[in-house]
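Have a look at the structure below, then the notes.
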Amino acid sequence: MLLNHYTVDRWKVGSISMTATATRNGTAYRLKRYLNPPWPADGNMRDARVQEQARRCERLLQERVDINRRLMSAGGRSGCLACAEEVFLCKSADAPGVVEAVREVQALRPVDQLRENPKWLLRAMVSAADAVRRLHDARIVHADLKPENILYCACGVTGRKVRAVLIDFDRSYIVDRVPGSEDIGVSPGFMAPEAVAYYNDEDCDDDGHDSRYRGMLSVKRDIFSLGAVYYHLLTGKSPITTTGDIEVNLRSAPRGLRPEKLEPLLRSMLALEPSARPTAAEVMAQLKKL
Numbered sequence: 112m113l114l115n116h117y118t119v120d121r122w123k124v125g126s127i128s129m130t131a132t133a134t135r136n137g138t139a140y141r142l143k144r145y146l147n148p149p150w151p152a153d154g155n156m157r158d159a160r161v162q163e164q165a166r167r168c169e170r171l172l173q174e175r176v177d178i179n180r181r182l183m184s185a186g187g188r189s190g191c192l193a194c195a196e197e198v199f200l201c202k203s204a205d206a207p208g209v210v211e212a213v214r215e216v217q218a219l220r221p222v223d224q225l226r227e228n229p230k231w232l233l234r235a236m237v238s239a240a241d242a243v244r245r246l247h248d249a250r251i252v253h254a255d256l257k258p259e260n261i262l263y264c265a266c267g268v269t270g271r272k273v274r275a276v277l278i279d280f281d282r283s284y285i286v287d288r289v290p291g292s293e294d295i296g297v298s299p300g301f302m303a304p305e306a307v308a309y310y311n312d313e314d315c316d317d318d319g320h321d322s323r324y325r326g327m328l329s330v331k332r333d334i335f336s337l338g339a340v341y342y343h344l345l346t347g348k349s350p351i352t353t354t355g356d357i358e359v360n361l362r363s364a365p366r367g368l369r370p371e372k373l374e375p376l377l378r379s380m381l382a383l384e385p386s387a388r389p390t391a392a393e394v395m396a397q398l399k400k401l
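Going by the working numbering, the letters in the sequence shown line up with residues 112 to 401, in that order.
Listed below in structure tokens is the structure:
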């Protein structure tokens, strides 16, 4: 299938989007097409409902263009934020809707390999904090940080350096433009408690305007999720127990680290109160001291 000069393989359906591998001029890409709203390819454009659906598509297009421009300025060129190189509106019945084209991330370093080398592990954690710092400086909330959405690449002349790359920004939003609770996303084990409360708030409307938790969904939700990702990176499990409690115990962390220094940092990142959590810049500064 040919789509806007991309040769596309088979689409795979996700919760809010469809993804497909693709190539363009010999370069590998991952295409993401948002399911809602779809472009009314077969609709009568004179119909008011069809016109409103088309306007919703155009608003989503502008929103995704804005977010990806910010991502590119914040760190896309450095490679730490895997933003879309192109965002376009496909009006074809074969793939109707807003589509993003992201270049495939290369040279991945497995997490198990990082755990074997404490220096690489700390470098990966510092790099991830730096990527989140750049994201927050651009006033963007990732909103779905979890192990699958932070990749680690070997870099440098010898390949011994580690760079963290944030991916999957389909649930991201600009600060103060919090989406409705149905679009907030659910990642058990890595989701900040205020985001869980917002998602489960039965008193709010679909847009979330009536929720008392809406104002709490700041960049600090990403700090909680990053702390949970760090804990998983160090121990292989989530810090959130089956009963919903938060447990920080680094006895199973790789040897060579300093758990007495890391545990207080993780506890602060996993604080229940968002205002008690450090900023990404503060996390990075503390990690560099280890």
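Using N, Cα and C, we set each Cβ at its ideal position, and we do this for glycine too.
Straight-line CA distance for residue i to residue j?
i      : j      : result
PRO290 : PRO149 : 18 Å
ASN155 : GLN162 : 8 Å
ALA206 : GLU174 : 19 Å
CYS191 : ARG332 : 20 Å
ILE334 : SER386 : 11 Å
ARG244 : LEU142 : 26 Å
GLU393 : ALA242 : 13 Å
ALA133 : ASP120 : 6 Å
Spatial neighbours of residue i within its chain, please: CB distance less than 7 Å, with the 5 preceding and 5 following residues excluded, ordered by chain position.
i      : result
ARG226 : LEU232 and PRO365
VAL237 : MET395, LEU398 and LYS399
ALA195 : ASN179, GLU211, ALA212 and VAL213
ALA193 : VAL213, VAL216, VAL276, LEU277 and ILE278
Can you find the residues in the same chain that come closer than 6 Å, C-beta to C-beta, to residue i, ignoring five residues on each side of it along the sequence?
i      : result
ALA235 : LEU225, TYR263, VAL273 and ALA275
GLY338 : LEU377, MET380 and LEU381
GLU358 : PRO350 and THR352
ALA139 : GLU215
MET129 : TRP122 and ARG144
Using DSSP's beta-bridge definition, name the partner residues of residue i.
i      : result
TYR140 : ALA133 and ARG214
THR118 : LEU113 and THR134
GLY338 : Answer by DSSP bridge pairing: none, since GLY338 is not bridged.
VAL330 : DSSP, once it has assigned bridges, lists no residue as partnering VAL330.
LEU192 : LEU277
GLY208 : CYS201
Provide the residue span of the beta strand (DSSP E) that contains residue i, from first to last.
i      : result
GLU197 : 197 to 201
CYS266 : 261 to 266
VAL273 : 272 to 277
Looking at the secondary structure, which residues open and close the alpha helix (DSSP H) in which residue i lies?
i      : result
LYS372 : 370 to 380
LYS399 : 391 to 399
ALA240 : 229 to 248
To which residues of the same chain is residue i closer than 8 Å at the C-beta, ignoring the five residues directly before and after it?
i      : result
PRO406 : In the structure as shown, the chain starts at 112 and stops at 401, and residue 406 therefore has no counterpart that could be examined.
LYS202 : TRP150 and ALA152
LEU344 : VAL222, LEU225, ARG226, LEU232, ALA235, MET236 and PRO258
LEU114 : ALA133, LEU142, CYS201, SER203, ASP205, ALA206 and VAL210
For residue i, count neighbouring Cβ atoms within 10 angstroms of its own Cβ and tell me buried if that reaches 16, exposed if not.
i      : result
ILE127 : exposed
ALA303 : buried
SER298 : buried
ARG166 : exposed
GLU384 : exposed
GLY137 : exposed
Give a yes or no on whether 7 Å exceeds the smallest Cβ distance from residue i to chain B.
i      : result
ALA308 : The question asks about chain B, but that chain is absent: this structure has only one protein chain.
Quick one: does the C-beta of residue i sit closer than 6 Å to a heavy atom of the ligand GTP?
i      : result
ALA235 : Annotation note on the ligand GTP: not contained in the displayed structure, which lists no ligands.
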